[in-house]
Amino acid sequence: MPKYLVIVESPAKAKTIKKFLGSNYEVLASNGHVRDLPKSQLGIDVEHDYEPKYITIRGKGELLANLRKEVKKSDIVYLATDPDREGEAISWHLTKALKIDESHIHRITFNEITKNAVKASIKQARDIDMDLVNAQQARRILDRMVGYSISPLLWAKVKRGLSAGRVQSVALRLICDREDEINAFVPEEYWNLEASFHVKGDKKPLIAKFYGDSNGKIAIHNEEELKSILKQLENADYKITDIKKGERIKKAPNPFTTSKLQQEAAKTLNFSTQKTMRIAQQLYEGVNVKGKGSIGLITYLRTDSIRVSDEADANAKEYIKTTYGDSFVEKEANGKNSGKKIQDAHEAIRPTYIELTPTIVKDSLSRDQFRLYQLIWKRFIASRMQPAKYETTSIKIDGGGYRFTTAASKVAFLGFMTVYSTEEDKEVENVLSGNISEDSELSLKELEHSQHFTQPPAHFTEASLVKTLEELGIGRPSTYAPTITTIIARRYVAKENKNLYVTELGEIVNRIMKLAFPSIVDVNFTANFESLLDKVEDGSINWKTVVSNFYPDLDEAVKNAEKELEEIKIEDEVTDILCDDCGRNMVIKYGPHGKFLACPGFPECRNTKPYLEKIDVDCPKCGKGIVIRKTKKGRRYYGCEGNPECDFMTWQKPSKEKCPKCGNILLEKGSKLVCIDETCGFVKTSKETH
């Protein structure tokens, strides 16, 4: 009998596939990539048509030797790596590293690891798709060029083992820009006004919010405006001028793409993007389910398509019909992909077996695997269901020349929300009395008002950063998680309570990148590169054309930066603080967390201390100096040097100037000075202070 060899990336995937194939199939794993560019050099021959120089990855020699033995024993080799650019490239590298005869190579792909999908893929074996491989090569080479050209410049200027990446630098810039927006934000005062009405014949009061007047919405900016409105309202007659009843539909969500799964898992399960992808990978490759052995529970996890196979669609609808009834089954196709390039060879992320409900597999999964599987399973079932329907009522109440409004909604049909609902779907129902009509007599019970201030833009979370990267066309499903993981690992960004904050180190790197390499950190430039890589993938552009157009400009920018960035080089600043161990004047150095004090006698003397930089402003609580401090994760704030005895702190830099209205300190927010006490509301442009 002929002997077949199937090579996949991971042992878990090998174990799952092995059980679907006969005894004449051997299934082995490459454990990911086997060849890559060398770490010690650029590895791209820029003089000779940008030819990459690949070497065997350290530690893979023995594994490749074993694979070569199996290749020699086999009549046909099936390369079953993942169905995307990266997977295609791994298959191509395997053919080179194992010196497989081209007539023996059969590339197979499947979107789900099921018996039917694996067996069908063997019947549809094909050659390696070099367009996909070249798109991956182009990305790898562009990233290498950026990293290996710019990183040494950062070492020279900031004097530490820093590094720059093509997509990471843009992500860092987005976070820095958002931080600048937040720091420059000046809160604006506004007031809310609510009226409580007694309706004749009804015990329950009718609560309505101030809207404006018959001409439109009116915002209440301050207490003076509020008092003027209250004066008009207090003795006014009130009448219901309009009652509208209607129906509102909330459509079922689409099944998950990679980015939507990462966003929803972050919101509902508090998973990092990296954790979501790690657990999804386990569910895709195969887990041991009691009575069934190792099976893949979800389809391929790196996708930006919402397409679903006809078979899966039919199975889901049959399940819904049997479980909930025919009225819950979706009647029209839900959602269409946007016009942008999508990896439509893939489907959306969905369960491989509809009948394996979360309850059935719960005992076979870890807690986190179960929670993610349940999210994917419920979202997919919901995507095949009818919309939710609400009966709505909106009421307008006029009096004293102003208008109040109230609205209520009641669920008429739960639809998909029987199975799946997000935080946004869980709205509090405002129930109105059925007796209310335009003829109802109203009398004012009370007016309640409250002061508020506008809030700055929110800090990025991993979920909102992924959403923004996707909307801007930066990166692809496989790159979101590694991009975020990298900027956190390099300590350019700190993650605290889900929020991402730029560190001092991140600010310096971003400043250098914006100054010396504006195109690299330009959002549009990076998004355009993604579309060029998509054109390489569909065969319309040669990958070396993309690389050869990019490298000369990068090379020139690096040479110019080397000359122009001298002033950013950070010298060791000598302080008047003496070393406790040897008495030398300590110097300010840069480490992974930013500035610290070190003895210049290193390596003989290794004494270090935290560096608390004073800003020449006195603490408003105790009169001691204010210093720049950092949280454990590296986020900068301003606090009293007398801490922990004095707990004063602020995220914005305090000014020497005091508020002329209340005497409190003023904070620097962009070009303005703002009173630390929001209720005071004093603001002036900082130019007025000079």
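The numbering of the sequence shown is the UniProt record's numbering, which starts it at 1 and goes up by one.
All C-beta atoms, glycine included, are put in the ideal place defined by N, C-alpha and C.
Since the structure is predicted, the reported quantities are computational estimates derived from the model, not experimental observations.
query                                                                                                                                                 : result
Please confirm whether VAL8 and LEU28 have their CB atoms less than 9 angstroms apart.                                                                : yes
Answer with buried or exposed for CYS662, where buried requires no fewer than 16 other C-beta atoms within 10 angstroms of its C-beta.                : exposed
Could you check how far apart the C-beta atoms of GLU604 and ILE588 are, in whole angstroms? I think they sit under 8 angstroms.                      : Their Cβ separation, rounded to whole angstroms, is 19 angstroms, which puts GLU604 and ILE588 out of contact at 8 angstroms.
Where do the ends of the alpha helix (DSSP H) carrying TRP543 lie?                                                                                    : 543-564
The beta strand (DSSP E) spanning GLY212 covers which residue range?                                                                                  : 206-213
Would you list the one or two residues that DSSP bridges to GLY625?                                                                                   : ASP618
Would you identify the three-state DSSP class for ARG35, choosing helix, strand or coil?                                                              : strand
How many angstroms separate the CA atom of LEU301 from the CA atom of ILE349?                                                                         : 6 angstroms
With a Cβ-Cβ cutoff of 9 angstroms, do VAL493 and THR503 count as a contact?                                                                          : yes
Would you decide whether THR276 is buried or exposed? Buried here means 16 or more other CB atoms lie within 10 Å of its CB.                          : buried
Can at least three beta-carbon pairs, one atom from the segment 137-157 and one from the segment 619-638, be found at a separation below 8 angstroms? : no
Measuring alpha carbon to alpha carbon, tell me which residue in TYR25, GLY415, LEU230, ASN215 is nearest LEU5.                                       : TYR25
For LYS498, does the three-state DSSP call read helix, strand or coil?                                                                                : coil
Do you know offhand how far ASN585's Cα is from ASP304's?                                                                                             : 57 angstroms
Looking at the structure shown, is LYS69 part of a helix, part of a strand, or coil, going by DSSP?                                                   : helix
For chain B, is any of its Cβ atoms less than 9 angstroms away from the one on ALA236?                                                                : As a matter of chain content, chain B is missing from the structure shown, which is built from one protein chain.
Would HIS48 be called buried (16 or more neighbouring beta carbons within 10 Å of its own) or exposed?                                                : exposed
If distances are taken between C-alpha atoms only, which option among ASN111, ASN510, PRO358 comes closest to ASP84?                                  : ASN111
Compute the Euclidean distance between the alpha carbons of SER328 and THR418, then round it to the nearest angstrom.                                 : The identity of residue 328 in the sequence shown is Phe, whereas the question assumes Ser. Near 9 angstroms, if we compare the C-alpha coordinates of THR418 and PHE328.
Less than 9 angstroms separating the beta-carbons of ASP538 and ASP131?                                                                               : yes
Given a cut-off of 9 angstroms on the beta-carbon distance, is the pair ARG140 and PRO38 in contact?                                                  : no
Please identify the residue among ARG371, LYS410, HIS449, TYR211 whose C-alpha is closest to the C-alpha of ASN222.                                   : HIS449
Span of the alpha helix (DSSP H) holding GLU507?                                                                                                      : 504-516
Under a three-way DSSP split, which group does LYS48 fall into?                                                                                       : Looking at the sequence itself, residue 48 is His, so the reference to Lys does not match. If DSSP states are grouped into helix, strand and coil, HIS48 belongs with coil.
Judging by CA-CA distance, which residue of TRP651, VAL466, ILE628, CYS640 is the nearest neighbour of LEU174?                                        : VAL466
If the criterion is Cβ atoms closer than 9 angstroms, does the pair THR258 and GLY296 meet it?                                                        : no
How many angstroms separate the CA atom of ASN664 from the CA atom of GLU496?                                                                         : 29 angstroms
For GLY630, tell me which candidate among PHE596, LYS317, LYS119 has the shortest Cα-Cα distance.                                                     : The sequence as given places Lys at residue 630; Gly does not occur at that position. Comparing Cα-Cα distances from LYS630 to each of PHE596, LYS317, LYS119, the minimum goes to PHE596.
If ILE381 sits next to PHE256, beta carbons under 8 angstroms apart, how far is it from one beta carbon to the other, in whole angstroms?             : Between PHE256 and ILE381 the Cβ distance is about 12 angstroms, and since that is not below 8 angstroms, they are no contact.
Taking all protein chains shown into account, decide if PHE210 is buried (16 or more other Cβ within 10 angstroms of its Cβ) or exposed.              : buried
Rounded to whole angstroms, what's the CA-CA distance from PHE416 to GLN263? Just pull it up for me.                                                  : 20 angstroms
Within 10 Å of its beta-carbon, does LEU283 have 16 or more other beta-carbons around it, so buried, or fewer, so exposed?                            : buried
Can you tell which of PHE682, LEU444, ALA561 has the C-alpha that lies nearest to the C-alpha of ASN235?                                              : LEU444
Within a Cβ cutoff of 6 angstroms, which residues of the same chain sit near LEU193, ignoring the five residues on either side of it in sequence?     : PHE210, HIS449
Which residues mark the beginning and the end of the beta strand (DSSP E) in which TRP191 is found?                                                   : 189-199
Determine which residues share a DSSP beta bridge with THR393 and list them.                                                                          : LYS245, ALA408
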